[in-house]
Amino acid sequence: MSELGFDEFMAARWTPLYRTAYLLTGDRHQAEDLLQDALARTCVRWSSIRDKGAADAYVRQAMVRQMTRQWPRRRREVPTEELPETAHAGGLDVRADHLDLWAEVRRLPPRMRATLVLRYVEDLTAEATARELGCSVGSVKSQTHHALRRLRAALPDLHPAALSAEEPS
Amino acid sequence: MSRTEIDTEIRTALAGIRDAVEAPPVDRIALQARVRAERRRRTTGRVAAALVSAAAVTVTAVGVSAVVRETPPPTTDVAAGPLATPAAVTGFALDGRLVVGTSGGYEKLRTPARTVLGVLDGVLTFLDREGGLWGVPVDGSGTTGPVRRLLPGVIDYSWQGTGVLTVQTQDGLLHAWRGGDAPWESRQSPTTDHLAAVDGGVWVESDSSGLTLRSGGLRKRLPRGGGVTGTDLVGGTLAYETFRALRFYDARTGELLARLPGQWGGRLTPDGAAYVGVGERLSLVDPRSGDRQEFTGPEGLDSLVWTSEDTFVGRDHGGGEGRVHVLWECGVESLSCERLYADPAGTLELAK
Chain B
73 MSELGFDEFM
83 AARWTPLYRT
93 AYLLTGDRHQ
103 AEDLLQDALA
113 RTCVRWSSIR
123 DKGAADAYVR
133 QAMVRQMTRQ
143 WPRRRREVPT
153 EELPETAHAG
163 GLDVRADHLD
173 LWAEVRRLPP
183 RMRATLVLRY
193 VEDLTAEATA
203 RELGCSVGSV
213 KSQTHHALRR
223 LRAALPDLHP
233 AALSAEEPS
Chain V
3 MSRTEIDTEI
13 RTALAGIRDA
23 VEAPPVDRIA
33 LQARVRAERR
43 RRTTGRVAAA
53 LVSAAAVTVT
63 AVGVSAVVRE
73 TPPPTTDVAA
83 GPLATPAAVT
93 GFALDGRLVV
103 GTSGGYEKLR
113 TPARTVLGVL
123 DGVLTFLDRE
133 GGLWGVPVDG
143 SGTTGPVRRL
153 LPGVIDYSWQ
163 GTGVLTVQTQ
173 DGLLHAWRGG
183 DAPWESRQSP
193 TTDHLAAVDG
203 GVWVESDSSG
213 LTLRSGGLRK
223 RLPRGGGVTG
233 TDLVGGTLAY
243 ETFRALRFYD
253 ARTGELLARL
263 PGQWGGRLTP
273 DGAAYVGVGE
283 RLSLVDPRSG
293 DRQEFTGPEG
303 LDSLVWTSED
313 TFVGRDHGGG
323 EGRVHVLWEC
333 GVESLSCERL
343 YADPAGTLEL
353 AK
C-alpha cells in the first residue's frame with residue numbers, strides 16, 4: 073500500500089482542520105492563516121512523520137502551540153466589547169444560546185479558548201491537553217476553571233447551573 | 003444540571019459552531035509560498051548556525067537579521083523605507099496595503115493587497131485576501147491611476163510577468179488577459195481535477211494521488227519525490243519541485259531534461275529558457291543541462307516576481323514573521339542583486 077501523500081492528506085483533512093482552527097481563533101482569516109502555517113510546517117516535515125495517521129494531531133498541535141505562544145505576542149490582544157466578524161458569527165446556522173456562548177468563548181484569551189476546544193471538542197484528557205499545549209496538567213485545570221468562571225459571569229441567564237462546574241468529566 | 007449535562011451543553015454548542023463553519027477552498031498559492039518560506043527558514047537557520055559558530059560573519063545591520071535567524075525580532079521603531087529605486091515597476095504589500103515602486107520612488111496606496119502578480123501592459127495586478135484580482139495603471143513616470151477590480155473569486159494564477167495572464171476562478175473557469183484594454187477570454191478548465199499549472203494547451207493536473215503532465219495526447223505521471231512543493235510551466239518547459247529534487251521536463255514530450263537533487267523553490271524565466279531558484283543558494287539554472295550559476299547578493303529569496311524579461315524581485319524574510327523583510331531586485335544578465343526596501347516590521351509580502 074502506498075504511503076499517504078501530503079496532498080492527499082491535506083485534501084482529506086482541510087475542512088475539519090479549518091474548523092478546529094476557527095474554534096481556536098474565532099476568526100475566519102486568522103483560522104486560515106493559522107492552518108496554512110501549520111500545514112506548511114507539516115508539509116516540510118512530512119517525510120519525517122512516521123505515523124501518517126497521526127498527522128491530524130501533528131497539525132492540531134502546531135496550530136495550538138502557535139496560537140497560544142506566538143499570536144498573543146504578535147497581535148497583542150486587547151480586550152474589547154466589539155468582536156470582529158460579528159456578522160459572520162451571527163450568520164452561523166446554530167441555536168441562539170449557542171451563539172451567545174460562542175461569542176463569550178471568542179472573548180477568552182487564546183490559551184483558555186484552546187483548552188476548552190481541546191477538552192470539550194477534541195475530547196482530550198487533561199493530560200493529553202497539557203501535552204498539546206506544552207504546559208502542566210495543573211495549568212490545564214486552572215485554565216478550564218477560569219474559562220468556565222468567565223463564561224458563567226458573562227452568561228448568568230443562559231444556563232445558570234450549566235457553567236458552574238470546573239472540570240469536564 | 004449534572005456534570006454530564008454541563009459537558010454536553012458546552013460540547014454541543016462548540017460542536018454546533020464547528021459544524022456550521024464553511025471552510026474556504028484551499029489557497030494553494032498561499033500554502034505553497036508558506037511551504038517555501040518554511041523550507042527556507044529551516045535551511046537558512048542551519049546555515050546561520052554554521053556561520054555563527056565559525057565567527058566569520060561580517061554584515062550590515064540589515065544583514066544581521068537576514069542571516070542570523072536566532073537574534074530577537076527587531077523593534078518596529080526602525081523606520082521602514084526604501085534603500086534604492088527599482089529598475090522596473092515593482093509592487094508589494096506592506097502591512098496588507100499596496101506599495102508601488104518606480105524609478106521615481108515608492109507610493110503607498112491604501113488599497114488592501116495580499117499577492118502581487120506583476121505589471122501587465124502598464125497595469126500592476128494584485129490579489130486581495132478574498133481572491134479579488136485588481137489592477138492599477140502605472141505610467142512611465144510612476145504615476146498611478148485609479149484602482150479597479152478586474153475579476154472576483156480568483157483561486158489560482160499562472161503568469162511569468164510578461165505575455166498572457168491566466169487565472170482560475172472559483173467556478174473552475176480559466177480567464178486569460180493580455181493587459182490594458184484587451185478583453186478577458188474565458189474558457190472551461192481542461193480538467194476536472196485541480197489545475198496545478200497551465201500554459202496554453204499544456205497543463206499539469208493534480209488528483210489525490212499525484213500530478214500528471216498533460217499535453218495533446220501526452221499523459222505523463224510525475225514522480226512524487228516525497229511530496230510536491232511547486233510547479234512552473236512556461237514556454238514548453240516544466241519546472242517540477244519536490245522534497246527530493248528539482249526536475250525539468252520538456253512539457254510537450256514529457257522528456258526529463260535535467261534533475262538537481264535537494265529541495266528547491268523558484269520560478270522559470272518569462273520565456274521558460276532558464277530557472278531562478280533557491281537550493282542552497284539563489285541560482286540561475288539551465289533547464290536543459292542542469293548547469294547552474296550563483297547570484298551575488300542574498301543567499302535565498304522567496305516570493306519571486308518577474309518585473310521584466312530579465313529582472314525579478316524577491317523577498318528575504320529574515321527567517322520568519324516579525325523579522326526584517328528585505329525586498330531585493332536581481333538581474334539575470336548580471337547575476338547580481340540589490341536591496342530595494344527594508345521593512346523592520348516584517349510585513350512585506352510579494353507573491354504567495
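Just so you know, the sequences run in chain order B and V.
Quick note on numbering: the first sequence equals residues 73 to 241 in the numbering used here.
Quick note on numbering: the second sequence equals residues 3 to 354 in the numbering used here.
Idealized CB from N, CA, C, for every residue including glycine.
{"Asked": "For the ligand NAD, any of its heavy atoms closer than 7 Å to the Cβ of L96(B)?", "Found": "Questions concerning the ligand NAD fall outside what the structure shown contains, since it holds no ligand whatsoever."}
{"Asked": "Please state whether DSSP places H319(V) in a helix, a strand or coil.", "Found": "coil"}
{"Asked": "What is the rounded straight-line gap between the Cα of D293(V) and the Cα of V121(V)?", "Found": "30 Å"}
{"Asked": "Please report the straight-line C-alpha distance between E72(V) and R325(V), rounded to a whole angstrom.", "Found": "Reliability fails at E72(V), whose pLDDT of 26 lies under 50, so the model's placement of it is uncertain and the value that follows must be treated cautiously. Near 10 Å, if we compare the C-alpha coordinates of R325(V) and E72(V)."}
{"Asked": "Below 7 Å CB to CB, which residues in the same chain sit around L215(V) once its five sequence neighbours on both sides are set aside?", "Found": "V206, K222, L224, L240, Y251, A253 and G256"}
{"Asked": "Pull up the distance between the alpha-carbon of D318(V) and that of H327(V), whole angstroms please.", "Found": "6 Å"}
{"Asked": "Nearest by alpha-carbon distance to G77(B): which of Y90(B), S119(B) and L205(B) is it?", "Found": "S119(B)"}
{"Asked": "Which chain V residues are close to L131(B), counting only those with a beta carbon under 9 Å from its beta carbon?", "Found": "The sequence shown places Val at residue 131(B), rather than the Leu named in the question. None at all; the shortest Cβ gap to chain V is about 12 Å."}
{"Asked": "Taking C-beta to C-beta, are G281(V) and G264(V) nearer than 8 Å?", "Found": "yes"}
{"Asked": "Measuring only between beta-carbons, confirm whether A241(V) sits less than 8 Å from chain B.", "Found": "no"}
{"Asked": "Using the beta-carbon count (16 or more within 10 Å), is Q170(V) buried or exposed?", "Found": "buried"}
{"Asked": "Please look up how many angstroms separate the CB atoms of L119(V) and K110(V), rounded, as I've assumed it's under 8 Å.", "Found": "Incorrect: roughly 19 Å between the Cβ atoms, too far for contact."}
{"Asked": "For V200(V), would you say it is in contact with chain B, using Cβ-to-Cβ distances shorter than 8 Å as the test?", "Found": "no"}
{"Asked": "Assuming G134(V) and T127(V) form a contact by the criterion Cβ under 8 Å, report the distance between their Cβ atoms to the nearest whole angstrom.", "Found": "Rounded, the Cβ-Cβ distance is 11 Å, inconsistent with contact."}
{"Asked": "So which residues of chain V does H217(B) contact, with C-beta pairs closer than 9 Å?", "Found": "Within chain V, no residue comes near H217(B); the closest Cβ sits about 13 Å away, beyond 9 Å."}
{"Asked": "Strictly below 8 Å CB to CB, what residues from chain V border H136(B)?", "Found": "One detail in the question is off: residue 136(B) reads as Val in this sequence, not His. Simply none; closest approach about 15 Å."}
{"Asked": "Whole-angstrom Cβ separation of A186(B) and T140(B), contact assumed at under 8 Å?", "Found": "5 Å"}
{"Asked": "Please classify A225(B): does DSSP put it in a helix, a strand, or coil?", "Found": "helix"}
{"Asked": "For A129(B) and Q215(B), I'd like the C-alpha separation in whole angstroms.", "Found": "21 Å"}
{"Asked": "Locate the beta strand (DSSP E) running through Q295(V), then write down its first and last residues.", "Found": "R294 to E296"}
{"Asked": "Using a Cβ-Cβ distance under 8 Å, would L155(B) count as near chain V?", "Found": "Confidence at L155(B) is low in this model, with a pLDDT of 42, below 50, so its placement is unreliable and the value that follows should be read with caution. With 8 Å as the cut-off, L155(B) does not count as an interface residue toward chain V."}
{"Asked": "How far does the alpha helix (DSSP H) with D304(V) in it extend, from its first residue to its last?", "Found": "No alpha helix (DSSP H) holds D304(V); the beta strand (DSSP E) holding it covers D304 to W308."}
{"Asked": "Curious, which full-length beta strand (DSSP E) runs of at least 3 residues does the segment 121–169 of chain V contain?", "Found": "125–129, 135–139, 150–153 and 156–160"}
{"Asked": "Would you kindly check if the distance between the Cβ of L197(V) and the Cβ of D173(V) is under 8 Å?", "Found": "no"}
{"Asked": "Mapping the DSSP letters down to three states, classify R112(V) as helix, strand or coil.", "Found": "strand"}
{"Asked": "Less than 8 Å between the C-beta atoms of A353(V) and A35(V), yes or no?", "Found": "yes"}
{"Asked": "Should H101(B) go down as buried or exposed, given a rule of 16 or more other Cβ atoms within 10 Å for buried?", "Found": "exposed"}
{"Asked": "Any C-beta of chain B sitting closer than 8 Å to the C-beta of F245(V)?", "Found": "yes"}
{"Asked": "Can you name the residues that DSSP bridges to R221(V)?", "Found": "R216(V)"}
{"Asked": "Nearest chain B C-beta to L350(V) closer than 8 Å, yes or no?", "Found": "no"}
{"Asked": "Using the three-state DSSP reduction, which class does C115(B) fall into: helix, strand or coil?", "Found": "helix"}
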